[in-house]
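Heads up, the thing below is written out as structure tokens.
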Amino acid sequence: MAVLGFIAGVFIHLLHISSVANYPNGKVGKSCHGMIPEHGHSPQSHPVHHISVNQKTFRPGDQLKVTLSGPPFKGFLLEARDAEDLSSPLIGSFTLINSSLSQILTCEDIQGSAVSHRNPSKKNDIEVYWNAPSNAPNHIQFLATVVEKYKIYWVKIPGPVISQPNALPFTTPKTTIVPLSTLPPDSHLTKPFSASACGNKKFCIRSPLNCDPEKERACVFLSFTRDGQSVMVEMSGPSKGYLSFALSHDRWMGDDDAYLCIHNDQTVHIQASGLTGRSHPVMDSGGSLEDMAWRLVDGVMQCSFRRNISLPDFKNRFDLNTSYYIFIADGAADDGRIYKHAQQPLITYEKYNVVDYPKNIGGSHSLLLLKVHGALMFVAWMTTASIGVLIARFFKPVWSKTFFFGEAAWFQVHRMLMITTSALTCVAFVLPFMYRGGWSRHAGYHPYLGCMVMTLAVLQPLLAAFRPPIHDPRRQMFNWTHWSIGTAARIIAVAAMFLGMDLPGLNLPKPWKTYAMIGFVAWHVGTEIVLEIHAYRLTRKVEILDDTRIQILQSFTAAEAEGRTFKKAVLAIYIWGNVTFLVIFLSAINQL
Numbered sequence: 040m041a042v043l044g045f046i047a048g049v050f051i052h053l054l055h056i057s058s059v060a061n062y063p064n065g066k067v068g069k070s071c072h073g074m075i076p077e078h079g080h081s082p083q084s085h086p087v088h089h090i091s092v093n094q095k096t097f098r099p100g101d102q103l104k105v106t107l108s109g110p111p112f113k114g115f116l117l118e119a120r121d122a123e124d125l126s127s128p129l130i131g132s133f134t135l136i137n138s139s140l141s142q143i144l145t146c147e148d149i150q151g152s153a154v155s156h157r158n159p160s161k162k163n164d165i166e167v168y169w170n171a172p173s174n175a176p177n178h179i180q181f182l183a184t185v186v187e188k189y190k191i192y193w194v195k196i197p198g199p200v201i202s203q204p205n206a207l208p209f210t211t212p213k214t215t216i217v218p219l220s221t222l223p224p225d226s227h228l229t230k231p232f233s234a235s236a237c238g239n240k241k242f243c244i245r246s247p248l249n250c251d252p253e254k255e256r257a258c259v260f261l262s263f264t265r266d267g268q269s270v271m272v273e274m275s276g277p278s279k280g281y282l283s284f285a286l287s288h289d290r291w292m293g294d295d296d297a298y299l300c301i302h303n304d305q306t307v308h309i310q311a312s313g314l315t316g317r318s319h320p321v322m323d324s325g326g327s328l329e330d331m332a333w334r335l336v337d338g339v340m341q342c343s344f345r346r347n348i349s350l351p352d353f354k355n356r357f358d359l360n361t362s363y364y365i366f367i368a369d370g371a372a373d374d375g376r377i378y379k380h381a382q383q384p385l386i387t388y389e390k391y392n393v394v395d396y397p398k399n400i401g402g403s404h405s406l407l408l409l410k411v412h413g414a415l416m417f418v419a420w421m422t423t424a425s426i427g428v429l430i431a432r433f434f435k436p437v438w439s440k441t442f443f444f445g446e447a448a449w450f451q452v453h454r455m456l457m458i459t460t461s462a463l464t465c466v467a468f469v470l471p472f473m474y475r476g477g478w479s480r481h482a483g484y485h486p487y488l489g490c491m492v493m494t495l496a497v498l499q500p501l502l503a504a505f506r507p508p509i510h511d512p513r514r515q516m517f518n519w520t521h522w523s524i525g526t527a528a529r530i531i532a533v534a535a536m537f538l539g540m541d542l543p544g545l546n547l548p549k550p551w552k553t554y555a556m557i558g559f560v561a562w563h564v565g566t567e568i569v570l571e572i573h574a575y576r577l578t579r580k581v582e583i584l585d586d587t588r589i590q591i592l593q594s595f596t597a598a599e600a601e602g603r604t605f606k607k608a609v610l611a612i613y614i615w616g617n618v619t620f621l622v623i624f625l626s627a628i629n630q631l
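Using our numbering, the letters of the sequence shown correspond one by one to residues 40 to 631.
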């Protein structure tokens, strides 16, 4: 069975992120105006990189060489502006000298008006040409933002001022650099959060439901406590990277109001952010959060902050007087940079207004449609299909008597089980499309294998309905075709289930899920081997008897009776084992 081959084909899709350091390809158009990377950290205050120009004066149409140099850096953004008004539009255009290290950007709708890095490799210097336009102001100043690594960067490093020959001397403004913002100081929490006021004074979301963050390390806890026109937010849970929650108008990630607590260098940075699609959150550099505090103890992260119910001056902050779905997620963080959450976020079952009435609610990491999809596929391919195959292969002589419609009992049981398998597969197949509203581009090979299983599950009963009579010359071809399609469907279905268990929408607990599925496959294959060996030994037992007709007949009858009893016992044990595996998986799905 090529399960391992399918599993090995699944790759982890890395997150595309939206800032200077997080764009390895340097597409930093969003940062053109303010030149500020949206990293959620304060920029450094003393530049260590320098901008130099090969001449101090210029005329319209001149081409000047501009050099950015200093200690090794990964990312940069270089612009030219009117030295007398640094907030004015960009001036002139750039021409590359080394296109392998830098690239031209179109900023503020001006083609070629800025230069950035092309890749995240370390650089000591960058050289480009600046082309002076015909309408250039009298004085030009070059500015650069340089990123050494995610949390270490400098914003708007001032370069030399160059002037036209007949211009009046340049007078340096009081300041040419935007004042650097600093994160508000955080205080340390001294004890775990309390859930005693949940449903009374606090609006609480807990997973598992009704867990106690004071006593249970694995408890994921989020609470909102209204205090006049503001809300106190508390969040805690096991995490070595980050904890976050988001307010959303729907069950999909994107256009959401998010808040993150990021573990970095034995501290926790608390940031508000905005989510656009599935991209990296855009950190809010404003002061929308107050009274921030945090605590790290035994792998549990706690953070709290206060925000006003209404924040009209902040673009991405939602008004809390409205109902929202609430997402809670956690994931890895390295050097202040966050990565995609490892599993599907916990999502509330419906929209809630967190400042209306205190409640005590829970959520689920998997939506009902995906749970039903997984459950139906497990029932279809772990029970009905597997049992139906064994009955057709080994129980023809055991249940050979005709039943209703003049058909043998084994055939009617086999047909019923396989039609049930096809029906369950058809229903389960539709559910992910209902959930996603179309095809999912983030599910790896699983949906492709699912389509193959669906096709074979529909084709198999259709072919069986037109099977030729038992003595027809085409019957042998039908038998082989029927066996081949059924076997292929079972193998692909098992591979699809292996991959589906790892998807975020149905991320069953690790690592037992893999062991349990391997156990099921081994259980089924082992049962078939036992029955094959038994059938072979039974045949050999009859063949070695004496050649007298009556003795062979008597011995065969006794052996056949013995074989029937053994097969029935094996089938009973097999069904018991299958049901056990099924209950394990269904219980895990129900707990998501």
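All residues carry an ideal CB built from backbone N, CA and C; glycine is no exception.
Residue i by DSSP, collapsed to three states: which one?
i    : result
E166 : strand
D121 : strand
N303 : strand
E329 : strand
C342 : strand
G131 : coil
H563 : helix
H89  : strand
R334 : strand
G616 : helix
P172 : coil
P111 : strand
K390 : coil
L502 : helix
I75  : coil
S70  : helix
F595 : Residue confidence for F595 is low, a pLDDT of 48 falling below 50, so the modelled location carries little weight and cannot support an answer.
R376 : strand
C250 : coil
T96  : strand
T441 : strand
Could you please give me the residues that DSSP links to residue i through a beta bridge?
i    : result
T184 : L116
F284 : Y298 and I367
A153 : E118 and L144
M322 : S312
I179 : D121 and I201
T106 : S91 and E166
G402 : T387
S226 : A332
N347 : S269
T361 : The partner list for T361 (beta bridge, DSSP) is empty, contrary to what the question assumes.
Among the residues of its own chain, which have a CB less than 8 Å from the CB of residue i, if the five just before and after it don't count?
i    : result
A555 : F620, I623 and F624
C146 : G68, C71, H72, E118, L129, S152 and A153
F25  : Lying outside 40 to 631, the shown extent of the chain, residue 25 is not represented and no answer is given.
R506 : R514, F517 and H521
I365 : I244, L261, F284, A285, L286, S287, I386, T387, Y391, V393 and G402
R5   : Here the chain has residues from 40 to 631 only, and residue 5 is not among them.
N137 : I165 and E166
What whole-angstrom Cβ distance do residue i and residue j have, given they're in contact under 8 Å?
i    : j    : result
A372 : H380 : Contact doesn't hold; Cβ gap of about 11 Å is too wide.
A447 : S439 : 5 Å
R275 : F232 : It is worth fixing the name first, because residue 275 is Ser in this sequence and not Arg. Indeed, because the Cβ distance is near 5 Å, the residues count as touching under 8 Å.
R157 : S141 : 6 Å
L488 : A534 : 6 Å
W1   : G131 : Only positions 40 to 631 of the chain appear in the structure, and residue 1 is not among them; the question remains open.
Within a Cβ cutoff of 7 Å, which residues of the same chain sit near residue i, ignoring the five residues on either side of it in sequence?
i    : result
S362 : K390, Y391 and N392
N347 : Q268 and S269
Mind checking which residues open and close the alpha helix (DSSP H) that includes residue i?
i    : result
W519 : R514 to G539
R245 : R245 -> not in any alpha helix (DSSP H); beta strand (DSSP E) instead, spanning F242 to S246.
T460 : A448 to R475
V270 : Segment S269 to P277 is the beta strand (DSSP E) holding V270; no alpha helix (DSSP H) there.
R432 : A424 to F433
Skipping 5 residues on each side, what residues in its chain have a beta carbon closer than 6 Å to that of residue i?
i    : result
V618 : none
R376 : Y189
Q515 : none
C342 : M274, C300, V307, I309 and W333
A311 : Y298, D323, S327 and L328
F242 : F263, V393, P397 and K398
M457 : G427
Between which two residues does the beta strand (DSSP E) carrying residue i extend?
i    : result
W193 : I191 to S202
M416 : No beta strand (DSSP E) contains M416, which is instead part of the alpha helix (DSSP H) from L407 to V418.
S262 : V259 to D266
T387 : L385 to T387
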